[in-house]
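Chains as they are written, first to last, in the numbering used here: chain A, 1 to 103; chain B, 1001 to 1170. Cβ coordinates follow ideal geometry from the N, Cα and C atoms, glycine included. Heads up, the thing below is written out as structure tokens.
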Amino acid sequence: MEIKAIYYLIPSLIMFCCGVYGFVTRRNMIAMLISLELMLNAVDMNFVIFNRFLFPGQLEGMMFTLFAIAIAAAETALAIAIIINVFRSVKNVDIRELNQMQF
Amino acid sequence: MESVGSIILYLIVACAIIIFSVLAVTTRKILRAATYLLFTLFAAAIVYFMLDYEFLGAVQIAVYAGGIVVLFVFAILLTSHPGHSSERLTSKRRWLGLVGALAMLGVTGYTLVSRCALYAAKPEMEEVDMQQIGQAMMGTDAGQYLLPFEAISVLLLACIIGGVVVARKR
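Structure (structure tokens):
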């Protein structure tokens, strides 16, 4: 049995769909951020898989994944800073309570 | 032809990715969600190792599992009581999420399965050594990435300053 590209792509697709489900259903802002990380990681995996199976010997997908990991780290650090600031002023991280600046 | 060991490893990793990512978005204790996210990221790192990108797997473990998950755990402990379960979902919101995720799964899965290019076996690739990666990161020719590398360094600096300014106590 050969392990083909599709066998790697299906788990990554399921990971992305879990991220979508969590992003829609979660109320806690940190839990939404965790779902976002799942989606980002699924996309990173897809880049690497396509690079390995369709264009071996080139490094484009791998480099894109490296930069995507760096940007994801920066984005998470900043988002957690914002969440902690919100928690300090509202004493809550539930998105239903955070409607003061809504309209 | 793959060896039996790599097929068994693939099965374990695929099951780990699916099970832990489902658990990460369905568990009601948020600290457990962060732990399941950690396991999912480790499984993704193993996938990178299986596809012969050792450097990328090391980066994944160091940055994601070592940095981001620790950040998540700190933020969770700062903002919520440990052991606190989130309340049950209303069925409307759960259906909204399920319909969205399953529609995406169906459409994208059908598109993937119907592409015959994705059924090719894994082609041979010479080992990507560190010198090649370093030259690709630091060179200025086509297919080399000095400018994004420097832009990332400026972005990280801006992120550090922004994080300090936003989370500072006034």
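Anyone know if the C-beta pair for residue i and residue j falls short of 8 Å?
| i | j | result |
| --- | --- | --- |
| B:Y1048 | B:G1057 | yes |
| B:A1045 | B:A1016 | no |
| A:T76 | B:L1031 | no |
| A:L38 | B:A1024 | yes |
| A:A79 | B:L1156 | no |
| B:A1014 | A:P56 | no |
| A:A70 | B:G1163 | no |
For a cutoff of 8 Å on Cβ pairs, would you count residue i as touching chain A?
| i | result |
| --- | --- |
| B:K1122 | yes |
| B:F1039 | no |
| B:S1021 | yes |
| B:S1003 | no |
| B:S1085 | no |
| B:G1066 | no |
| B:V1070 | no |
| B:T1035 | no |
Taking the alpha carbon of residue i as the reference point, which residue from the options has its own alpha carbon closest?
| i | options | result |
| --- | --- | --- |
| B:A1034 | B:Q1131, B:A1044, B:F1020 and B:Q1060 | B:F1020 |
| B:M1125 | A:A31, A:N51, A:N28 and A:A42 | A:N51 |
| B:R1028 | B:H1081, B:S1085 and B:Y1010 | B:S1085 |
| B:I1076 | A:P11, A:N46, A:I10 and A:I34 | A:I34 |
| A:M29 | A:E60, A:D94 and A:N99 | A:D94 |
| B:A1167 | B:Y1010, B:I1061 and B:L1078 | B:L1078 |
| B:L1105 | A:M1, A:E2 and A:L13 | A:L13 |
Taking 8 Å as the threshold (beta carbon to beta carbon), is residue i in contact with chain B?
| i | result |
| --- | --- |
| A:M101 | no |
| A:E37 | yes |
| A:R96 | no |
| A:N28 | yes |
In chain order, what residues of the same chain lie with their CB nearer than 6 Å to the CB of residue i, ignoring the 5 residues before and after it?
| i | result |
| --- | --- |
| B:Y1053 | none |
Which residues in the same chain as residue i place their Cβ atom closer than 8 Å to its Cβ, once the five residues preceding and following it in sequence are excluded?
| i | result |
| --- | --- |
| B:V1069 | A1034, L1037, L1038 and L1041 |
| B:F1055 | V1128, M1130 and I1133 |
Might you give, ordered along the chain, the residues of its own chain that have their beta carbon closer than 7 Å to the beta carbon of residue i, omitting 5 neighbours on each side?
| i | result |
| --- | --- |
| B:M1137 | Y1145 and F1149 |
| A:M62 | V48 and N51 |
| B:T1140 | L1146 |
Task: Cβ contact check for the region 4-11 of chain A and the region 1107-1122 of chain B: 3 or more pairs under 8 Å - done: yes
Task: Stretch-stretch touch, CB-based, cutoff 8 Å, three pairs: the region 18-26 of chain A with the region 1093-1106 of chain B - done: yes
Open item on the list: With a threshold of 8 Å, are at least 3 pairs of Cβ atoms found where one atom belongs to the region 1001-1012 of chain B and the other to the region 63-74 of chain A?
Closed with: no
Open item on the list: Check whether the region 1098-1113 of chain B and the region 37-45 of chain A are in contact - that is, three or more C-beta pairs closer than 8 Å.
Closed with: no
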